[in-house]
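Chemist: For the sequence shown, UniProt numbering gives the first residue as 1, with consecutive numbering after it.
Backbone N, C-alpha and C define an ideal beta-carbon position, used for all residues, glycine too.
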Amino acid sequence: MSRVWNFSAGPAALPLAVLERAQREMLDWNGSGASVMEQSHRGKRFIAMAAQAEADLRELMGIPADYAVLFLQGGATQHFAQIPMNLAGAGDSADYVVSGHWSAKAASEAGSYVRVNVAASSEADGYLRLPPRDSWRLDPHAAYVHYTPNETIHGVEFHAIPDVGGTVPLVADLSSNILSEPLDVSRFGLIYAGAQKNIGPSGLVVLIIRRDLLQRAGRPMARIFRYAEHAAADSMLNTPNTWGWYVAGLTFQWLKAQGGLGTMAERNRLKAELLYQAIDGSGGYYRNPIEPSARSRMNVRFTLHDGALDAAFLQESEAAGLLALKGHKALGGMRASLYNAVPPEAVQALVAFMRDFAQRHG
1 MSRVWNFSAG PAALPLAVLE RAQREMLDWN GSGASVMEQS HRGKRFIAMA AQAEADLREL
61 MGIPADYAVL FLQGGATQHF AQIPMNLAGA GDSADYVVSG HWSAKAASEA GSYVRVNVAA
121 SSEADGYLRL PPRDSWRLDP HAAYVHYTPN ETIHGVEFHA IPDVGGTVPL VADLSSNILS
181 EPLDVSRFGL IYAGAQKNIG PSGLVVLIIR RDLLQRAGRP MARIFRYAEH AAADSMLNTP
241 NTWGWYVAGL TFQWLKAQGG LGTMAERNRL KAELLYQAID GSGGYYRNPI EPSARSRMNV
301 RFTLHDGALD AAFLQESEAA GLLALKGHKA LGGMRASLYN AVPPEAVQAL VAFMRDFAQR
361 HG
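#1: Mapping the DSSP letters down to three states, classify Asp-95 as helix, strand or coil.
#2: Tell me the residue span of the beta strand (DSSP E) that contains Asn-299.
#3: Would you list the one or two residues that DSSP bridges to Ala-193?
#4: Less than 8 Å between the beta carbons of Ala-312 and His-361, yes or no?
#5: Measure the alpha-carbon distance for Glu-157 versus Ala-76 and round it to whole angstroms.
#6: Do Lys-271 and Val-347 count as a contact pair if the criterion is CB distance below 8 Å?
#7: Tell me which residue opens and which closes the alpha helix (DSSP H) that Phe-313 is part of.
#8: In three-state terms, what does DSSP make of Met-26?
#9: Alpha carbons only, please: which of Ser-175, Pro-64, Pro-344 is nearest the one belonging to Val-185?
#10: From what residue to what residue does the beta strand (DSSP E) around Ala-120 run?
#11: Which two residues bound the contiguous beta strand (DSSP E) that contains Val-171?
#12: Pick out whichever of Ala-48, Leu-138, Pro-240 has its Cα sitting closest to the Cα of Gly-166.
#13: Pull the bridge partners of Leu-322 from the DSSP assignment, please.
#14: So the candidates are Ala-55, Leu-304, Ile-279, Leu-214; which of them puts its Cα closest to the Cα of Glu-229?
#15: On the criterion of 16 or more Cβ atoms from any shown chain inside 10 Å, does Glu-20 qualify as buried, or is it exposed?
#16: By Cβ distance below 6 Å, which residues in the same chain neighbour Ala-119 in space, the five residues on each side in sequence not counted?
#17: Start and end of the beta strand (DSSP E) containing Arg-335?
#18: Applying the 10 Å Cβ sphere with the 16-neighbour rule, what's the burial state of Pro-292?
#19: Got a sec? Which residues, its chain only, sit under 8 Å from Thr-239 by beta carbon, not counting five neighbours each side?
#20: Short of 6 Å in beta carbon distance, which residues of its chain neighbour Ser-176, apart from the five on each side in sequence? Order them along the chain.
#21: Looking only at its chain, what residues have a beta carbon closer than 7 Å to the beta carbon of Leu-130, apart from the 5 residues adjacent to it on each side?
#22: Leaving out five residues before and five after Val-4 in sequence, what residues of the same chain have Cβ atoms less than 6 Å from its Cβ?
#23: Measure the CB-CB distance between Gln-73 and Asn-241 and report whether it falls below 8 Å.
#24: Look up His-154 in the DSSP assignment and give the residues it is bridged to.
#25: In whole angstroms, what is the alpha-carbon distance linking Ala-106 and Ile-191?
#26: Would you kindly report the start and end of the unbroken alpha helix (DSSP H) that includes Leu-57?
#27: May I ask which residues mark the beginning and end of the beta strand (DSSP E) holding Leu-70?
#28: Three or more C-beta pairs closer than 8 Å, one from the region 200-220 and one from the region 50-70: is that the case here?
#29: Which residue from Ala-193, Ser-2, Leu-179 puts its Cα closest to that of Gly-259?
Below is the structure:
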């Protein structure tokens with residue numbers, strides 16, 4: 001068996017050490033004689049694992065004690081609706097900053113439960129840059145301000161936490177850049193992230209919420225949608241995604257063993273820098289359209305100078321062991337996702353291939 005270099009946008013690469021440990025423990029987890037997927041989430045072994053996973057995540061991110069950490073289901077898309085259900089009451093409005101496909105979708109889904117104010121948008125610019133902070137039209141009475149720090153499809157990223165002022169909680173969809181660098185969690189009211197990019201397998205959502213926000217009445221809803229109920233039940237109001245939670249816990253341990261988020265931030269910076277240098281230094285053979293100050297470290301878009309070469313590039317790159325470089329169908333071209341589990345060697349291999357391809361097809 002040979003492993004490829006995986007540049008998938010999600011579900012994405014997992015650390016090899018995590019996969020190997022999960023493989024070793026598949027049939028006999030923690031000396032139990034059975035897989036973690038075959039055991040009760042109410043059992044002592046699973047409860048201990050879940051508690052350790054939360055403790056490790058709190059340590060990695062420096063999560064304050066007045067924040068609850070929830071391991072939920074539904075993907076980030078479900079929480080596009082569930083967040084306004086929990087944080088906004090009847091007649092409330094919420095501010096949304098739209099910087100790409102996913103923030104636009106979040107605003108659209110929220111519209112069924114809250115009056116959405118698009119406080120800023122870069123749609124008119126084709127999402128090639130971020131909405132300038134001085135253009136944001138924020139409502140001081142909004143229930144919350146929502147933004148997407150990294151857009152996986154359009155390849156733009158906020159490189160600083162925006163100051164929204166006042167007491168309005170800042171809500172962030174960190175699905176694609178959580179754990180990629182240190183983060184001041186205290187700047188946020190709520191953080192949520194689908195697991196399948198930087199945490200673990202798909203089907204799990206990590207949600208970090210300031211405890212006072214759990215007291216908001218929100219909208220009428222079933223208990224299963226209320227974050228306060230999940231917090232009171234330690235994320236076990238219903239049967240959780242036991243496999244996803246377990247692998248997430250292994251990933252947190254792997255991140256700690258790497259040296260933590262400071263180490264990952266530097267590694268991710270160097271990976272992205274290497275790829276962007278290859279694109280910018282190709283003499284126009286490869287191109288990235290994003291304003292440099294807004295370029296994503298996690299999802300690097302690029303096109304070839306001649307779209308007729310796309311099929312050959314994808315075919316030859318896959319044959320060379322470089323997986324999932326095809327761009328999103330809405331934009332075409334190429335996309336390389338450089339999440340935590342993508343090692344520097346993978347980016348080096350990609351850059352070498354790109355140079356060789358340009359020489360052979362120039």
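Modeler: Result, derived from the coordinates:
#1: For the purposes of this step, residue 95 is taken as the residue at position 95 of the sequence shown. Three-state DSSP puts Asp-95 in a strand.
#2: The residue you call residue 299 lines up with position 299 of the sequence shown. Note, Asn-299: beta strand (DSSP E), 299-304.
#3: Along the sequence shown, read from residue 1 onward, the residue named residue 193 stands at position 193. In the DSSP output, where bridge partners are listed per residue, Ala-193 has Val-206.
#4: Within the sequence shown, numbered from 1, the residue matching residue 312 stands at position 312. Within the sequence shown, numbered from 1, the residue matching residue 361 stands at position 361. Going by C-beta atoms, Ala-312 is nearer than 8 Å to His-361.
#5: One-based indexing of the sequence shown puts residue 157 at position 157. One-based indexing of the sequence shown puts residue 76 at position 76. So the two alpha carbons sit approximately 18 Å from each other.
#6: Translated into positions along the sequence shown, residue 347 becomes position 347. Translated into positions along the sequence shown, residue 271 becomes position 271. It is a contact, given that the beta carbons lie within the stated cut-off.
#7: In the sequence shown, residue 313 corresponds to position 313, counting from 1. Where Phe-313 is concerned, the enclosing alpha helix (DSSP H) stretches over 310-319.
#8: Here residue 26 corresponds to residue number 26 of the sequence shown, with the count starting at 1. It is coil, neither helix nor strand.
#9: Position 185 of the sequence shown, counted from the start, is the residue given in the question as residue 185. With distances taken between Cα atoms, Val-185 lies closest to Pro-64.
#10: For the purposes of this step, residue 120 is taken as the residue at position 120 of the sequence shown. Where Ala-120 is concerned, the enclosing beta strand (DSSP E) stretches over 115-121.
#11: Translated into positions along the sequence shown, residue 171 becomes position 171. Per DSSP, Val-171 belongs to the beta strand (DSSP E) from 170-173.
#12: Position 166 of the sequence shown, counted from the first residue, corresponds to residue 166. Of Ala-48, Leu-138, Pro-240, the residue nearest in Cα terms is Leu-138.
#13: The count along the sequence shown starts at 1 and reaches residue 322 at position 322. Per DSSP, Trp-5.
#14: Within the sequence shown, the letter at position 229 stands for residue 229. Measuring from the Cα of Glu-229, the nearest candidate turns out to be Leu-214.
#15: The count along the sequence shown starts at 1 and reaches residue 20 at position 20. By the 10 Å Cβ count, Glu-20 comes out exposed.
#16: Position 119 of the sequence shown, counting from 1, holds the residue named residue 119. Result list for Ala-119: Asp-95, Val-97, Trp-136, Arg-137, Leu-138, in chain order.
#17: Taking the first residue of the sequence shown as position 1, residue 335 is located at position 335. First-last of the beta strand (DSSP E) with Arg-335: 334-337.
#18: On the sequence shown, residue 292 is found 292 positions in, with the first residue counted as 1. Its Cβ having fewer than 16 others within 10 Å, Pro-292 is exposed.
#19: For the purposes of this step, residue 239 is identified with residue 239 of the sequence shown, where counting begins at 1. Counting only Cβ-Cβ distances below 8 Å, and skipping sequence neighbours, we find His-41.
#20: If you number the sequence shown from 1, residue 176 lands on position 176. So the qualifying residues of the chain are Asn-150, Thr-152, Lys-197, Met-298.
#21: Here the question's residue 130 lines up with position 130 in the sequence shown. Excluding residues within five positions, the ones whose Cβ falls inside 7 Å are Ser-99, Ser-122, Val-156, Phe-158, Ala-294.
#22: For this step, residue 4 is matched to residue 4 along the sequence shown. Taken in chain order, the residues that qualify are Gly-321, Leu-323.
#23: Residue 73 sits at position 73 when you count from the first residue of the sequence shown. Residue 241 sits at position 241 when you count from the first residue of the sequence shown. Taking 8 Å as the Cβ cut-off, Gln-73 and Asn-241 qualify as a contacting pair.
#24: As a first step, residue 154 must be located in the sequence shown, where it is residue number 154. Its beta-bridge partners do not exist; DSSP assigns none.
#25: Looking up residue 106 in the sequence shown gives position 106. Looking up residue 191 in the sequence shown gives position 191. The straight-line gap from Cα to Cα measures roughly 14 Å.
#26: Residue mapping note: residue 57 aligns to position 57 of the sequence shown, counting from 1. 44-61 is the span of the alpha helix (DSSP H), which, as asked, contains Leu-57.
#27: Within the sequence shown, numbered from 1, the residue matching residue 70 stands at position 70. That run of the beta strand (DSSP E) goes 67-72.
#28: yes
#29: Taking the sequence shown and counting its residues from 1, one reaches residue 259 at position 259. It is Leu-179 whose Cα lies nearest to the Cα of Gly-259.
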